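Student: For the sequence shown, position 73 (counting from the first letter as 1) is numbered 148 according to our numbering, and the numbering increases by one without interruption.
Here a beta-carbon is modelled for each residue, glycine too, at the ideal position from N, C-alpha and C.
Because the structure is a prediction, the values reported are computed rather than measured.
Below is one structure. I have some questions about it.
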Amino acid sequence: MCHACGSPTVLDVPLANEGILLSYTTVWVEREGITPPFVLGQVRLNDGTLLYSHVRGLVDDRKVPVPVRVVVSSRTDASPPAFWFEPASPPQPPKGGGAAVETPD
Ligand SMILES: [Zn+2]
76 MCHACGSPTV LDVPLANEGI LLSYTTVWVE REGITPPFVL GQVRLNDGTL
126 LYSHVRGLVD DRKVPVPVRV VVSSRTDASP PAFWFEPASP PQPPKGGGAA
176 VETPD
């Protein structure tokens, strides 16, 4: 069903499997059998499609925008979510690779 106008007229179309996570929020309310907390985010796919989806694999302070790719659930019991997005690359370690050293003034 169309979320904008409520029309039941929909089509199956192929979509890009990568995009950019534009914003996200953590949900603390149980929903449709999904145990909170879980993350929902707004993703703009590389073909321009804008959608809301579950997001997994973000570190706590990850800043947007974040390149993401879709993951389709391999579970066969139809439990939600059927798909979600995760960062397209793992979190990068802090630049410099060593501990910062403070120098006395
Ligand atoms: Zn519509």
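Using a Cβ-based criterion (distance less than 8 Å to any ligand heavy atom), does A91 qualify as near ligand 1?
Tutor: Every heavy atom of ligand 1 is 8 Å or more from the Cβ of A91, so no.
Student: Where are the beta strand (DSSP E) runs, 3 residues long or more, that stay fully inside the region 96 to 121, in chain order?
Tutor: 113 to 120
Student: What does DSSP give as the partner residue(s) for L125 in the beta ladder?
Tutor: R119
Student: Answer yes or no: do G116 and V134 have a C-beta to C-beta separation smaller than 9 Å?
Tutor: no
Student: Quick test of your reading: V88 and V118, contact by CB under 8 Å. State the CB separation rounded to the nearest angstrom.
Tutor: 16 Å between Cβ atoms; not a contact.
Student: Would you say the beta carbon of G116 is closer than 8 Å to some non-hydrogen atom of ligand 1?
Tutor: no
Student: Considering only the beta carbon of each residue, do N92 and L125 sit closer than 9 Å?
Tutor: Against a cut-off of 9 Å, the Cβ pair of L125 and N92 comes out as no contact.
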